[in-house]
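Below is one structure; the comments refer to it alone.
Residue numbers (this note's numbering): 83 to 223.
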């Protein structure tokens with residue numbers, strides 16, 4: 083079931099984010115990941131609209147939107163391939179005709195997901211904090 087994020091979900095979504103991020107971003111160092119975790123808790127989640135995918139009272143994934151930009155979409159690695167990410171994306175796509183997202187070029191998992199969903203490359207640039215290449219993608223209904 084998809085539902086709106088509640089403040090009491092923060093620890094669960096941070097754990098989902100951490101597990102999925104370590105798998106998708108093995109090229110990011112521990113210091114950067116620690117900084118990002120704090121930013122997610124203190125900055126990103128309070129300033130986004132977030133929904134969680136929950137089954138049997140366990141959060142298995144979440145999506146955060148900043149306007150029409152996908153700020154985050156993460157699913158527990160052991161639940162990949164079960165359609166949870168697609169369900170989350172389909173849900174938010176009901177609100178937007180156009181969506182954008184940034185993904186690291188080296189994030190094969192994320193890139194495959196966005197490609198399959200129909201996102202197209204708009205621009206590439208370098209992520210200042212990590213010197214990794216970022217891709218800006220756009221989806222149109």
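In this text, a Cβ means the ideal position worked out from N, Cα and C, and glycines have one as well.
Expected contact under 8 Å - CB spacing of residue 214 and residue 190 to nearest Å | Taking the first residue of the chain shown as 1, we reach residue 214 at position 132. Taking the first residue of the chain shown as 1, we reach residue 190 at position 108. With a Cβ gap of about 13 Å, residue 214 and residue 190 do not count as contacting.
Check this for me: beta carbons of residue 204 and residue 220, under 8 Å apart or not? Here residue 204 refers to the residue found at position 122 of the chain shown. Here residue 220 refers to the residue found at position 138 of the chain shown. Result yes, Cβ atoms of residue 204 and residue 220 sit closer than 8 Å.
**Message:** Which same chain residues end up closer than 8 Å to residue 209 when comparing Cβ atoms and leaving out the 5 residues on each side of it in sequence?
**Reply:** Counting from one through the chain shown, the residue named residue 209 turns up at place 127. Excluding residues up to 5 positions away in sequence, 186, 215, 216 lie with their Cβ nearer than 8 Å to the Cβ of residue 209 in the same chain.
- Query: Counting Cβ pairs closer than 8 Å, one from the segment 112 to 122 and one from the segment 157 to 166, do we hit at least three?
  - Reply: no
### Chain-order list of residues whose beta-carbon lies under 8 Å from that of residue 224 (same chain, five-residue window excluded)
An answer regarding residue 224 cannot be provided, because it is not within the stretch 83 to 223 covered by the chain.
* Which partner residues does residue 154 have in the DSSP bridge list? -> For this step, residue 154 is matched to residue 72 along the chain shown. In DSSP, residue 154 forms a bridge with 146.
Assuming contact is defined by CB atoms lying nearer than 8 Å, are residue 92 and residue 173 in contact in what I supplied?
Residue 92 sits at position 10 when you count from the first residue of the chain shown. Residue 173 sits at position 91 when you count from the first residue of the chain shown. For residue 92 and residue 173, no; Cβs fall outside 8 Å.
Handout entry: Contact between the segment 104 to 113 and the segment 133 to 143 (3+ Cβ pairs under 8 Å)
Key = no
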